[in-house]
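Line by line, the protein sequences are chains H and Y. So the first sequence is numbered by our numbering: it starts at 361 and just counts up by one. So the second sequence is numbered by our numbering: it starts at 1197 and just counts up by one. Notes follow once the structure below has been shown.
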Amino acid sequence: MVISKMMAKICKRHGLQAFNYLEYPSLIKGGHQTGQVFASNYQADCQKKDLDILITLNKNGFKEHRDEITSETLVIYNSDAGHLDEKEYSHLTKQILEIPFRSISKEKTGSFNAANIAVLGVSAYFLNFNRAVVRKIIEDEFAGKSEKIIQDDLLAFKAGYAAAKKLGKPIKQTPKSKDDQILLTGNEAVGLGAIAAGIQFYSAYPMTPATALLHYLAAQQQNYPLIVKHAEDEIGAINHALGASFAGVRAMTGTSGGGFALMAESVSFASMAEIPLVILEAQRKGPATGLPTWTEQADLSFILTAGHGDTQRVVLTPGTVEEHFELTKVAFYLAEKYQIPVFILSDKFILESHQTIPKPQLSYSLPHQSMIRSAPKDGSFRRYKVTKSGISPRSVPGQKHGLQLTNSYEHDEFGFATEEIKPTVNQVEKRTRKMDGLIKEIPQPYLVGPKKAATTFVCWGSTINVVSQLIQTQSIEKKQAVNAIHLPVMWPFPKKEFTKLAKKAKKLVMIEGNQSGQGERLIKQETEISFADRIHRYDGRPFYVEDLQNWLKEK
Amino acid sequence: MSCITTSSIKSPIAPTWCPGCGDFMILNSLQKAVSELEIKEANLVIFYGIGCSGNMADFNYAYGFHGLHGRALPNAIGAKLVNHNLKIVIVAGDGDFYGEGLNHFISLARGNHDVTVIVHNNSRYSLTTGQSSPTTKKGTKTKSTPTGVIEKSFNPISSALAAEASFVSRGYSTKPPQLTQLVKTAIAHSGFALVDVIQLCPSFNKKENHLFFAERMYDLTDENHDSSDKIAAILKAQKADRIPLGIFYQDKKSVPYHAQLSQIENQSLIDQWSAKTNIRVAMEKFK
């Protein structure tokens, strides 16, 4: 799967926008794995269904991708995987070429290990990539490995390229222009955003599809003042992070739905005790163990209410990889200022897909929010002081005169437990008031595409990527059939702005990756807006532009 | 900065425990220990679980964190990693620490985090009016086990030793001078320190009263126990008929978790906080 990432990176270095979507089963080796790369001069927000080139390492690839092969698709088959009876497959496409990738690798390097790089060579020829760019990518990707491995890979690349040249002509031209982007996954964008926001503590228990964030941040410990703790379980993970946050640093935890289920009691605690915390909830296809390596958007209802009692929270639902980076910074800011749990609710599709984004600025300023510089010497510091904004001053252990009790029991202004009516009501209302300030600071929903359109899709989270690509496609075709309202936040629900946008729409269609319509249910609960139609997908697969085009045609 | 004294650490709130509860003496011993250790007021943080023991949160005037049932240990470790200059004490109960939070205890003891755990062990869930706890003796009839507990009781000392805790001890709420000394030694110990405190519960565990314990308890130092000998400690911990008090085991050379992290070798994590950051290095591999 590393090859498709390298493909996307080659496209990026040619100045193109690129997207790389990965599919794999829940096992360590084998199974049917794919990397699907789409690149464009204009916009690459998702993979394409109709393939230009399919390289398949076995016959199974024909079966698995028969719906994606068109008569124009160039299929390249690894002839080391057995004789291909052309008659069996010729109805699928006009051109099937056979290249023995494993044999090429063995002949040039003495081992089969470089077969994947030979694949890269074939792709580079048919797409007319700049060979120096590809060679540099190979050197970069395997930097740190032995010189022999890099040399072997370069030989396999050259041989793959030469083998392709014998069989046909390039199908595309890829001129090289300025590369001012970076390529990263949603998970990595969350990690990079967290570093830009000054994260100093991350604890997690491995769970697909949040694991890559754990890996990324663990590797960054050598570069930044950051501690990453692989916790004993998810309950431990969130509680390590809460302890770290209490002690004064920006802290985060991450998991998928099943792991988050174990964390629910601590979300309630963080809200009550007013401890800042950022939580990545990486949705995968549930319920229960579900389809562990496939995508879904079915944890929204759970996240909105997880945790006992009346609690405060923010639920951010970023779409593109770039928005993951931007909103992670927002998440840390809101969590610290309002002393609440802030969720980044995302999904396997975008968290494990690579996407190009413009190179972000390098320097960030990180002033503390709602933390005191010094406490009064007379011991009168009140950690849970009742204020108009609901935000109380916060001290951290080690700070002189700031002694305080951070408490899961209902408490008075000092933090001591209370069961009295007045302080109880005061504290409940104080915490609730924080939402008044928050609603003004959360990201707002926005319109994507033309101002007027026959159909307006409403999206939250990664679905906007596909809809946005659809809109880009129609703009090339000079159509104005579709636009979209994207919700980068689902709680507190941005009623005012959403209603404003939704009222302008001719026909509202909700599109979400779950069976029960969780986003639509929330919108019904919060606004007067109703939908003309809805599209749901709940088979673990992401939406495709081509499917939406067909849906529009049928309507 | 001023040091903790037995009066400075007293909160304005009077303890709410039952008359005769062992918790009073544990509170006194802890307050005495931290004042004798001359810990700076702002540098002590006490993490509490939920139960009668956890209610101590309101009776200390110190940095405190009264979290959820069973979760005090991971909270405490998160804080210690952020600021390892803090002295961290965890106050928990037997249901809290050996029941709900058992996975944290067994998993995290191995990390040798430099924290001190004081477990109020009265073999009952008392705040919920007297059900059996993990340390209740087999056969004991309680409200939740009307025909007697079927499980054998949990052995915290053996478990701590098996889980590689570097300081394992037991005190008794009715022997405050020894308990104070144990808490002091535990806090001074550089690594994971367990002080299991046998505690009277006059409300829900009337049979295991002071007379019951006095007959069975002995001081490990009276029998020349060598606390650096782990095998001897395991043997002592496994004897069911007698209850040893004191230090079972201490690895004086133990290296705590935080001292094995290169990123906080020279400065604590929180002291490395900067108002500015640059992501150039973090995005190197995305170029």
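Here a beta-carbon is modelled for each residue, glycine too, at the ideal position from N, C-alpha and C.
In the DSSP output, which residue or residues are listed as bridge partners for residue i?
i, result
"cysteine 819 of chain H", "H/His846"
"glycine 614 of chain H", "H/Ala564 and H/Leu640"
"lysine 645 of chain H", "H/Leu651"
"serine 706 of chain H", "H/Ala642"
"histidine 771 of chain H", "H/Ala777"
"glycine 1295 of chain Y", "Beta-bridge pairing links glycine 1295 of chain Y to no other residue."
"aspartate 893 of chain H", "H/Val869"
"valine 1477 of chain Y", "Beta-bridge pairing links valine 1477 of chain Y to no other residue."
"aspartate 1392 of chain Y", "Y/Val1315 and Y/Arg1366"
Determine the closest residue to residue i out of the options, with distance taken between C-alpha atoms.
i, options, result
"alanine 1210 of chain Y", "H/Lys447, H/Ala777 and H/Leu411", "H/Ala777"
"lysine 532 of chain H", "H/Phe489, H/Gln885, H/Asp513 and H/Tyr384", "H/Phe489"
"leucine 868 of chain H", "H/Gly528, H/Glu507, H/Arg894 and H/Ile413", "H/Arg894"
"threonine 833 of chain H", "H/Tyr693, H/Glu683 and H/Gln403", "H/Gln403"
"isoleucine 1383 of chain Y", "Y/Asp1310, Y/Asp1392 and Y/Asp1425", "Y/Asp1310"
"alanine 378 of chain H", "H/Lys389, H/Ser364, H/Ile388 and H/Val702", "H/Ser364"
"glycine 1250 of chain Y", "Y/Trp1213, Y/Lys1472, Y/Pro1270 and Y/Ala1275", "Y/Trp1213"
"glutamine 829 of chain H", "H/Glu872, H/Asp899, H/Glu906 and H/Ser768", "H/Glu906"
"phenylalanine 1243 of chain Y", "Y/Thr1381, Y/Pro1452 and Y/Tyr1259", "Y/Tyr1259"
"glutamate 1296 of chain Y", "H/Ile510, H/Lys466 and H/Glu625", "H/Glu625"
"proline 852 of chain H", "H/Ala844, H/Lys864, H/Glu886 and H/Ile824", "H/Glu886"
"asparagine 1318 of chain Y", "Y/Asn1405, Y/Lys1481 and Y/Thr1473", "Y/Asn1405"
"leucine 1396 of chain Y", "Y/Asn1299, Y/Lys1380, Y/Ser1355 and Y/Asp1290", "Y/Asp1290"
"valine 849 of chain H", "H/Leu687, H/Ile509 and H/Asp440", "H/Leu687"
"leucine 726 of chain H", "Y/Lys1483, Y/Trp1469, Y/Thr1201 and Y/Lys1371", "Y/Trp1469"
"aspartate 1437 of chain Y", "Y/Phe1444, Y/Lys1449, Y/His1454 and Y/Phe1409", "Y/Phe1409"
"glycine 1447 of chain Y", "Y/Asn1462, Y/Lys1435 and Y/Asp1425", "The displayed chain sequence assigns aspartate, not glycine, to residue 1447 of chain Y. When each option's Cα is compared against that of aspartate 1447 of chain Y, the closest is Y/Asp1425."
"glutamate 432 of chain H", "H/Leu411, H/Met612, H/Cys406 and H/Asn420", "H/Leu411"
"alanine 474 of chain H", "H/Ser631, H/Phe774, H/Ile498 and H/Val785", "H/Ile498"
"leucine 637 of chain H", "H/Ile700, H/Phe662, H/Pro530 and H/His668", "H/Ile700"
"alanine 1153 of chain Y", "Y/Val1364, Y/Pro1342 and Y/Val1313", "In the structure as shown, chain Y starts at 1197 and stops at 1483, and residue 1153 of chain Y therefore has no counterpart that could be examined."
"glutamine 909 of chain H", "H/Tyr898, H/Pro854, H/Ile831 and H/Glu872", "H/Ile831"
"serine 628 of chain H", "H/Lys864, H/Ser400, H/Gln840 and H/Arg791", "H/Arg791"
Going straight from the alpha carbon of residue i to that of residue j, what length do you get?
i, j, result
"alanine 368 of chain H", "lysine 408 of chain H", "13 Å"
"leucine 664 of chain H", "leucine 586 of chain H", "29 Å"
"lysine 856 of chain H", "phenylalanine 685 of chain H", "25 Å"
"lysine 1206 of chain Y", "alanine 1253 of chain Y", "11 Å"
"glutamate 428 of chain H", "threonine 655 of chain H", "19 Å"
"lysine 842 of chain H", "phenylalanine 817 of chain H", "Note that residue 842 of chain H is valine in the sequence shown, not lysine. Taking the straight line joining both Cα atoms gives about 7 Å."
"serine 483 of chain H", "lysine 447 of chain H", "25 Å"
"glutamate 1237 of chain Y", "lysine 719 of chain H", "47 Å"
"isoleucine 635 of chain H", "phenylalanine 561 of chain H", "14 Å"
"proline 460 of chain H", "asparagine 438 of chain H", "5 Å"
"glutamate 1419 of chain Y", "alanine 1433 of chain Y", "14 Å"
"leucine 1416 of chain Y", "threonine 1376 of chain Y", "16 Å"
"methionine 1413 of chain Y", "alanine 556 of chain H", "58 Å"
"arginine 793 of chain H", "isoleucine 1302 of chain Y", "41 Å"
"leucine 543 of chain H", "serine 713 of chain H", "10 Å"
"serine 1203 of chain Y", "leucine 1226 of chain Y", "12 Å"
"tyrosine 485 of chain H", "glycine 528 of chain H", "9 Å"
"leucine 861 of chain H", "threonine 815 of chain H", "13 Å"
"glutamate 1232 of chain Y", "cysteine 1199 of chain Y", "9 Å"
"asparagine 476 of chain H", "threonine 416 of chain H", "11 Å"
"leucine 1465 of chain Y", "glutamine 1459 of chain Y", "8 Å"
"serine 734 of chain H", "valine 362 of chain H", "51 Å"
"leucine 912 of chain H", "lysine 866 of chain H", "15 Å"
"glutamate 1360 of chain Y", "tyrosine 1368 of chain Y", "23 Å"
"serine 706 of chain H", "valine 1315 of chain Y", "40 Å"
"valine 1393 of chain Y", "leucine 1407 of chain Y", "17 Å"
- Item | Continuous alpha helix (DSSP H) assignments of at least 4 residues falling wholly in the segment 1268 to 1347 of chain Y | Entirely contained in the segment 1268 to 1347 of chain Y, the alpha helix (DSSP H) runs reaching 4 residues are, in chain order, 1268 to 1278 and 1298 to 1305.
- Task: May I ask you to verify whether the segment 506 to 518 of chain H touches the segment 379 to 395 of chain H, counting CB pairs closer than 8 Å and requiring at least 3?
- Result: no
- Query: Which runs of the alpha helix (DSSP H), 4 residues or longer, sit entirely within the segment 451 to 499 of chain H?
  - Reply: 461 to 469 and 475 to 486
- Message: Does the segment 793 to 812 of chain H come into contact with the segment 766 to 774 of chain H, if we say contact requires no fewer than three beta-carbon pairs (one atom in each stretch) closer than 8 Å?
- Response: no
- Inter-stretch contact (C-beta, 8 Å, three-pair minimum) for the segment 1265 to 1279 of chain Y and the segment 601 to 612 of chain H: yes
- Length-filtered (3 minimum) beta strand (DSSP E) runs lying within the segment 722 to 760 of chain H: 723 to 725
- Task: Please go through the segment 494 to 535 of chain H and give each complete alpha helix (DSSP H) segment of 4 or more residues, from N-terminal end onward.
- Result: As far as the segment 494 to 535 of chain H is concerned, its whole alpha helix (DSSP H) runs of at least 4 residues are 507 to 527.
- Is it true that the segment 598 to 605 of chain H meets the segment 640 to 648 of chain H, where meeting means three or more beta-carbon pairs spaced less than 8 Å apart? no
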